Amino acid sequence: MACSTCSSSPCSCGTATSVNLNNASNVNICCRRGDTFKLEANIKDANGDALDLTLYTYKMEVREYDNGPLVILSTDITITGSAAGVLLIVIAAADMNVNAGTYVYGLQTTLIADGTIETWLYGKFEVVQDIVQ
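In my numbering, the protein residues as written are 2 to 134.
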């Protein structure tokens, strides 16, 4: 992050006035009501190498709005990570039987070794109406 005073990164003048610790990525999701939700992503570190995802635990929630009522409980979301950096998020079709609409979600990780908690993903969670009932 560039210094707001000298514009160098890292700061060379020693008078940096702000720091941004929000490393989460805004990723909007669109899915279909009543269908099985399955999202697979390859997660890499800053060097572009696959991150060992077995070193983490995961929690994801879908809410009506920030701090609002839960739409999909974290216990209804299965999240696994492989040593090869493959993250898999699955929500059963029965748990996707929610009203069509635009909600918000967040994916939080905990590093097992030291308990460090980070939000990796957040954004809109749009559920569109299913035609086949």
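Don't be surprised by glycine CBs; every beta carbon is placed ideally from N, CA and C. Because the structure is a prediction, the values reported are computed rather than measured.
Give the DSSP-derived three-state secondary structure of residue i in the structure shown.
i: S75; result: helix
i: A42; result: strand
Using a Cβ-Cβ cut-off of 6 Å (strictly less than) and excluding sequence neighbours within five positions of residue i, which residues of its own chain qualify?
i: T120; result: A25, G107 and Q109
i: I90; result: L40 and I80
i: F38; result: C32, I92 and M97
i: I78; result: M61 and I92
i: L122; result: S26, V28 and L108
Cutting at 7 Å between CB atoms, please list the residues of its own chain near residue i, excluding the five before and the five after it.
i: V99; result: R34, V72, I73 and V128
i: D36; result: A94, M97 and D131
Within this structure, are the beta carbons of residue i and residue j separated by less than 8 Å?
i: G82; j: Y59; result: yes
i: L88; j: I44; result: yes
i: G124; j: N29; result: yes
Item to check | Complete runs of the beta strand (DSSP E) confined to the stretch 17–66 [at least 3 residues] | outcome: 30–33, 38–43 and 57–64
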